[in-house]
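*Asks:* Starting off with a structure, shown below.
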Amino acid sequence: MRMQCLDTKFFTSTSLVPMQLPSRMETHLWYVKPNEVKSEQLLNKYLEFLPKSEKEHVFSMRGDELRKGALLARALVRTTIARYQINQVSPRSLKFRKNIHGKPEVDWQQIEDWHPQQLHFNISHTESLVACGVTTHNPIGIDIEEKERKIKHSISSFAKRYFSQQEVQLLSSISDPEIQRQEFIKLWTLKEAYVKALGRGFSGSPFKTFTIRSAAASKESIHLSESSSFENSDIVVESLEDSTNHTGDWQFALLELAGSHYAAICSRKDCANIGSHPMKIGVWRTIPLVEDEYVSGTNSVIAVGGLM
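Residue numbers (UniProt numbering): 1 to 308.
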């Protein structure tokens with residue numbers, strides 16, 4: 001475990017610890033827990049990072065907790081991306097755009113003698129945790145859900161509405177209600193991560209048009225630290241409508257974060273590398289401008305062994 005505590009008296013963008021970009025087959029995941037951010041001074045500093053339009057969005061949320069979550073999501077994205085720039089970049093100076101399906105991307109500004117470090121990112125948040133994933137060269141999608149999330153409706157009827165027939169059959173075969181609920185949440189996070197990695201949004205890739213399942217076997221492994229390796233979650237995706245969709249180009253990881261959340265990561269395999277390569281994942285718990293803790297290889301990050 002590596003922890004770096006920063007001076008809490010002066011919250012400035014120079015407090016951000018610079019980071020090397022992830023390697024071609026590596027994903028960096030940063031997360032913040034809203035209940036650990038208690039300083040009004042710090043929250044006001046995060047607010048200063050946002051342009052008018054993003055501030056308006058934050059203040060449009062109903063309730064203090066929702067406003068805080070929206071603020072932390074935007075602050076985490078900005079501070080995370082700023083870490084990876086060789087030339088110091090203020091989180092406030094970053095600009096964003098959306099693709100035709102609404103997925104946010106960095107709108108890199110062309111400045112003389114400055115070549116920004118190109119990267120892909122994706123964000124997901126619940127009321128109790130906000131996460132941002134970063135890759136280079138390959139698109140990424142992430143989704144997080146609380147392990148104890150309650151499903152208001154019947155899981156079977158809910159699954160029939162959104163999931164593929166194979167996925168519905170999988171869930172229907174589970175007699176234990178608690179195990180069924182857990183498997184439903186895992187499936188949902190994996191499907192969300194895949195759709196977000198594609199960058200098409202839910203309307204562009206409805207959940208019923210593809211199946212997420214466990215592979216029969218795999219030779220790859222997920223590496224959460226240099227000293228530890230874990231069995232691959234053996235997760236694959238199959239398109240049910242488009243036979244030209246190369247679903248084998250995608251790889252998945254399913255993690256348990258902070259003992260309380262499932263985190264699904266989907267990224268495109270690197271075509272530049274020949275052969276089979278493991279997905280490497282580095283995970284940090286952060287309070288931006290205050291504290292960073294590398295938690296890969298600890299009980300805060302556990303590889304989940306895939307679906308049943």
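Where is the CB? At the ideal position from N, CA and C, for every residue including glycine.
With a cut-off of 8 angstroms, do at least 3 Cβ pairs link the region 59-67 to the region 116-126?
*Replies:* No, because fewer than three Cβ pairs between the region 59-67 and the region 116-126 fall closer than 8 angstroms, the two stretches do not touch.
*Asks:* Express the C-alpha separation of Ser-23 and Glu-148 in angstroms, rounding to a whole number.
*Replies:* Residue mapping note: residue 148 aligns to position 148 of the sequence shown, counting from 1. Residue mapping note: residue 23 aligns to position 23 of the sequence shown, counting from 1. Rounded to the nearest angstrom, the two C-alpha atoms are 34 angstroms apart.
*Asks:* Going by the beta-carbon positions, is the gap between Ala-131 and Tyr-262 smaller than 8 angstroms?
*Replies:* Position 131 of the sequence shown, counted from the start, is the residue given in the question as residue 131. Position 262 of the sequence shown, counted from the start, is the residue given in the question as residue 262. Not closer than 8 angstroms, so no.
*Asks:* Going by DSSP, which residues form a beta bridge with His-261?
*Replies:* Position 261 of the sequence shown, counted from the start, is the residue given in the question as residue 261. His-261 pairs with Glu-146 and Leu-257.
*Asks:* What does DSSP give as the partner residue(s) for Trp-250 in the beta ladder?
*Replies:* As a position in the sequence shown, residue 250 is number 250, starting the count at 1. Arg-268, per the DSSP bridge assignment.
*Asks:* Can you check which of these residues, Val-17, Ala-253 and Ser-128, is closest to Asn-35 by C-alpha distance?
*Replies:* As a working note, residue 35 is residue 35 in the sequence shown. Looking at the Cα atoms, Ser-128 is the closest of the given residues.
*Asks:* To the nearest angstrom, report how far apart Pro-206 and Leu-240 are at their CA atoms.
*Replies:* Position 206 of the sequence shown, counted from the start, is the residue given in the question as residue 206. Position 240 of the sequence shown, counted from the start, is the residue given in the question as residue 240. One C-alpha to the other measures close to 11 angstroms.
*Asks:* My output table needs one value for Lys-103: the three-state DSSP class, helix, strand or coil.
*Replies:* As a first step, residue 103 is located in the sequence shown; it is residue number 103 there, counting from the start. Three-state DSSP puts Lys-103 in coil, outside helix and strand.
*Asks:* If you reduce the DSSP assignment to three classes, tell me which class Thr-211 lands in.
*Replies:* For the purposes of this step, residue 211 is identified with residue 211 of the sequence shown, where counting begins at 1. It is a strand residue.
*Asks:* Which residues share a DSSP beta bridge with Gly-141?
*Replies:* Residue mapping note: residue 141 aligns to position 141 of the sequence shown, counting from 1. Beta-bridge pairing links Gly-141 to Cys-266.
*Asks:* Does the region 182-201 come into contact with the region 133-151, if we say contact requires no fewer than three beta-carbon pairs (one atom in each stretch) closer than 8 angstroms?
*Replies:* Yes: the two stretches touch, three or more of their Cβ pairs being nearer than 8 angstroms.
*Asks:* Please go through the same chain and pick out, in chain order, the residues whose beta-carbon is closer than 8 angstroms to the beta-carbon of Asn-299, but skip the five residues on each side of it.
*Replies:* In the sequence shown, residue 299 corresponds to position 299, counting from 1. If we look at Asn-299 and ignore the five residues flanking it on each side, its Cβ neighbours are Gly-259.
*Asks:* Given this structure, state the Cα-to-Cα distance separating Arg-268 from Tyr-46, to the nearest angstrom.
*Replies:* Translated into positions along the sequence shown, residue 268 becomes position 268. Translated into positions along the sequence shown, residue 46 becomes position 46. Looking at the two C-alpha atoms, the distance is approximately 32 angstroms.
*Asks:* Using 10 angstroms around the beta-carbon of His-28, count the other beta-carbons present and answer buried if the total reaches 16, otherwise exposed.
*Replies:* The residue given as residue 28 occupies position 28 in the sequence shown. His-28 should be labelled buried.
*Asks:* Does DSSP put Ser-229 in a helix, in a strand, or in coil?
*Replies:* For this step, residue 229 is matched to residue 229 along the sequence shown. For Ser-229, the predicted structure reports a pLDDT of 37, less than 50, and the residue's modelled location is therefore unreliable. A value from the coordinates is still provided. Three-state result, Ser-229: strand.
*Asks:* So Val-17 packs on Arg-67, CB below 8 angstroms; how close in whole Å?
*Replies:* The count along the sequence shown starts at 1 and reaches residue 17 at position 17. The count along the sequence shown starts at 1 and reaches residue 67 at position 67. Incorrect: roughly 27 angstroms between the Cβ atoms, too far for contact.
*Asks:* DSSP three-state label for Asp-176, please.
*Replies:* By one-based count along the sequence shown, residue 176 stands at place 176. Looking at Asp-176 - three-state DSSP - the assignment turns out to be coil, as it is neither helix nor strand.
*Asks:* Report the residue from Val-195, Arg-181, Asp-64 and Lys-208 whose alpha carbon sits nearest the alpha carbon of Lys-160.
*Replies:* Position 160 of the sequence shown, counted from the start, is the residue given in the question as residue 160. The residue with the shortest Cα to Cα distance from Lys-160 is Lys-208.
*Asks:* By the DSSP assignment, the alpha helix (DSSP H) with Asp-234 in it spans what residues?
*Replies:* Position 234 of the sequence shown, counted from the first residue, corresponds to residue 234. Per DSSP, Asp-234 belongs to no alpha helix (DSSP H) and is neither H nor E.
*Asks:* In chain order, what residues of the same chain lie with their CB nearer than 8 angstroms to the CB of Met-3, ignoring the 5 residues before and after it?
*Replies:* Indexing the sequence shown from 1 puts residue 3 at position 3. Below a pLDDT of 50, predicted positions are generally treated as unreliable, and Met-3, at 46, falls in that range; no measurement from the model is reported.
*Asks:* Per DSSP, what are the beta-bridge partners of Leu-29 in this structure?
*Replies:* By one-based count along the sequence shown, residue 29 stands at place 29. Its beta-bridge partners are Gly-133 and Val-283.
*Asks:* Mind checking whether Phe-158 and Arg-92 have CB atoms under 8 angstroms apart?
*Replies:* What you label residue 158 is simply residue 158 of the sequence shown in a count that begins at 1. What you label residue 92 is simply residue 92 of the sequence shown in a count that begins at 1. Contact flag unset, no.
*Asks:* Is Val-37 near Ile-287, with beta carbons less than 8 angstroms apart?
*Replies:* Locating residue 37 in the sequence shown gives position 37, where the first residue counts as 1. Locating residue 287 in the sequence shown gives position 287, where the first residue counts as 1. In contact: Val-37 and Ile-287 (Cβ atoms closer than 8 angstroms).
*Asks:* With DSSP as the reference, please indicate the residues paired to Ser-239 in a beta bridge.
*Replies:* Mapped onto the sequence shown, residue 239 falls at position 239. Beta-bridge pairing links Ser-239 to Phe-210.
*Asks:* For the beta strand (DSSP E) containing Arg-97, name the first residue and the last one.
*Replies:* Position 97 of the sequence shown holds residue 97. Here the beta strand (DSSP E) through Arg-97 covers 96-98.
*Asks:* Within 10 angstroms of the Cβ of residue 309, are there 16 or more other Cβ atoms? Answer buried if so, exposed if not.
*Replies:* Examination of residue 309 is not possible in this model, given that the chain is present from 1 through 308 alone.
*Asks:* Helix, strand or coil, according to DSSP, for Ser-90 in the structure here?
*Replies:* The residue given as residue 90 occupies position 90 in the sequence shown. Note: Ser-90 maps to coil in three-state DSSP.
*Asks:* Please report the distance separating the alpha-carbon of Gln-41 from that of Val-77.
*Replies:* Residue numbering aside, residue 41 sits at position 41 when the sequence shown is read from its first letter. Residue numbering aside, residue 77 sits at position 77 when the sequence shown is read from its first letter. Each residue's alpha carbon lies about 19 angstroms from the other.
*Asks:* Hey, how far is the Cα of Ser-156 from the Cα of Ala-197?
*Replies:* For this step, residue 156 is matched to residue 156 along the sequence shown. For this step, residue 197 is matched to residue 197 along the sequence shown. Those two C-alpha atoms are separated by around 26 angstroms.
*Asks:* His-153: buried (16+ other C-beta within 10 angstroms of its C-beta) or exposed?
*Replies:* For the purposes of this step, residue 153 is taken as the residue at position 153 of the sequence shown. With fewer than 16 Cβ atoms within 10 Å of its Cβ, His-153 is classed as exposed.
*Asks:* Look up Ser-302 in the DSSP assignment and give the residues it is bridged to.
*Replies:* In the sequence shown, counting from the first residue as 1, residue 302 sits at position 302. Looking at the sequence itself, residue 302 is Ile, so the reference to Ser does not match. Answer by DSSP bridge pairing, in chain order: Glu-256.
*Asks:* In three-state terms, what does DSSP make of Phe-163?
*Replies:* Translated into positions along the sequence shown, residue 163 becomes position 163. Coil at Phe-163, not helix or strand.
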